[in-house]
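Asker: Numbering (this note's numbering), first residue to last: 699 to 814.
Here a beta-carbon is modelled for each residue, glycine too, at the ideal position from N, C-alpha and C.
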């Protein structure tokens, strides 16, 4: 489980939602961590086969925690909610949805991605 208070504190007086993580390489790395790793195996005799390893949701939460102090981004929060649900079941899902709801409530005008 995560500390909601840390995720809900303003990041900066002038920019309470911090920076937009859209083009941040660390955010793209986090997105890649949410995808199962697929490896294609060629044995030389038959058709190639693929093997996939499950997502390491603990690693996803750790990487998300690194991004937490940089931006209040809905995409980041959805990833956190998914990771919590996979790690903690319904209690994790409830905490993730609470995080999203409270963030929207507090940072609607400044959170990322910006409304267009």
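What number of angstroms, rounded off, separates the C-alpha of residue 701 from the C-alpha of residue 745?
Answerer: The count along the chain shown starts at 1 and reaches residue 701 at position 3. The count along the chain shown starts at 1 and reaches residue 745 at position 47. Near 48 Å, if we compare the C-alpha coordinates of residue 745 and residue 701.
Asker: What residue range is occupied by the uninterrupted beta strand (DSSP E) comprising residue 738?
Answerer: Working through the chain shown from its first residue, we reach residue 738 at position 40. Per DSSP, residue 738 belongs to the beta strand (DSSP E) from 735–739.
Asker: Got a sec? Which residues, its chain only, sit under 8 Å from residue 728 by beta carbon, not counting five neighbours each side?
Answerer: Locating residue 728 in the chain shown gives position 30, where the first residue counts as 1. Around residue 728: 758, 761, 762, 765, 774, 777.
Asker: Assign residue 771 to one of two classes, buried (16 or more other C-beta atoms within 10 Å of its C-beta) or exposed (fewer than that).
Answerer: For the purposes of this step, residue 771 is identified with residue 73 of the chain shown, where counting begins at 1. Burial call: buried.
Asker: Counting C-beta neighbours from all protein chains within 10 Å, is the total for residue 779 16 or more, i.e. buried, or is it exposed?
Answerer: Looking up residue 779 in the chain shown gives position 81. Result: buried.
Asker: For residue 732, does the three-state DSSP call read helix, strand or coil?
Answerer: Taking the chain shown and counting its residues from 1, one reaches residue 732 at position 34. Here residue 732 sits in coil by DSSP.
Asker: According to DSSP, what are the bridge partners of residue 810?
Answerer: Locating residue 810 in the chain shown gives position 112, where the first residue counts as 1. According to DSSP, which records beta bridges pairwise, residue 810 is partnered with 771.
Asker: Using only the alpha-carbon positions, how far apart do residue 791 and residue 742 sit?
Answerer: Translated into the one-based positions of the chain shown, residue 791 becomes position 93. Translated into the one-based positions of the chain shown, residue 742 becomes position 44. Each residue's Cα considered, the two are about 44 Å apart.
Asker: Which one of 733, 732, 747 has the shortest CA to CA distance from residue 739?
Answerer: As a first step, residue 739 must be located in the chain shown, where it is residue number 41. For the residues 733, 732, 747, the minimum Cα distance to residue 739 belongs to 747.
Asker: Our contact map puts residue 706 next to residue 715 with C-beta atoms below 8 Å; I'd like the distance itself, whole angstroms only.
Answerer: To locate residue 706, count along the chain shown from 1; it is residue 8. To locate residue 715, count along the chain shown from 1; it is residue 17. Their Cβ separation, rounded to whole angstroms, is 11 Å, which puts residue 706 and residue 715 out of contact at 8 Å.
Asker: Would you call the CB atoms of residue 794 and residue 812 closer than 8 Å?
Answerer: Translated into positions along the chain shown, residue 794 becomes position 96. Translated into positions along the chain shown, residue 812 becomes position 114. Going by C-beta atoms, residue 794 is not nearer than 8 Å to residue 812.
Asker: The beta strand (DSSP E) with residue 750 in it runs from where to where?
Answerer: As a first step, residue 750 is located in the chain shown; it is residue number 52 there, counting from the start. Run containing residue 750: 747–751, per the beta strand (DSSP E) assignment.
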